[in-house]
Amino acid sequence: MTDSALDPEDRKIVTLARSARARNGVPEGAAVRDDTGRTYVAGTV
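For the sequence shown, the working numbering assigns the number 29 to the initial residue and increments by one for each residue that follows.
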């Protein structure tokens, strides 16, 4: 699936996960949004 096929909100989550991965120099990154709208990002350790 390409980024252009994603919903705009999903695209933001993917971008945040990629940013976390790049910022920490790790092979995997993740981002989730809770029901209040807060977004959490993490990378592998």
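For every residue, glycine included, the Cβ atom is placed at its ideal position computed from N, Cα and C.
Query: In the DSSP output, which residue or residues are listed as bridge partners for G53?; Result: The partner list for G53 (beta bridge, DSSP) is empty, contrary to what the question assumes.
Query: Report all residues from its chain with a CB closer than 7 Å to the CB of R39; omit the five preceding and five following residues, and keep chain order.; Result: D31
Query: Let me know if G65 comes out buried or exposed under the rule of 16 or more other beta-carbons within 10 Å of its beta-carbon.; Result: exposed
Query: For a test of the three-state rule: what should DSSP assign to R39, helix, strand or coil?; Result: helix
Query: Measuring straight from C-alpha to C-alpha, what distance separates S47 and G57?; Result: 8 Å
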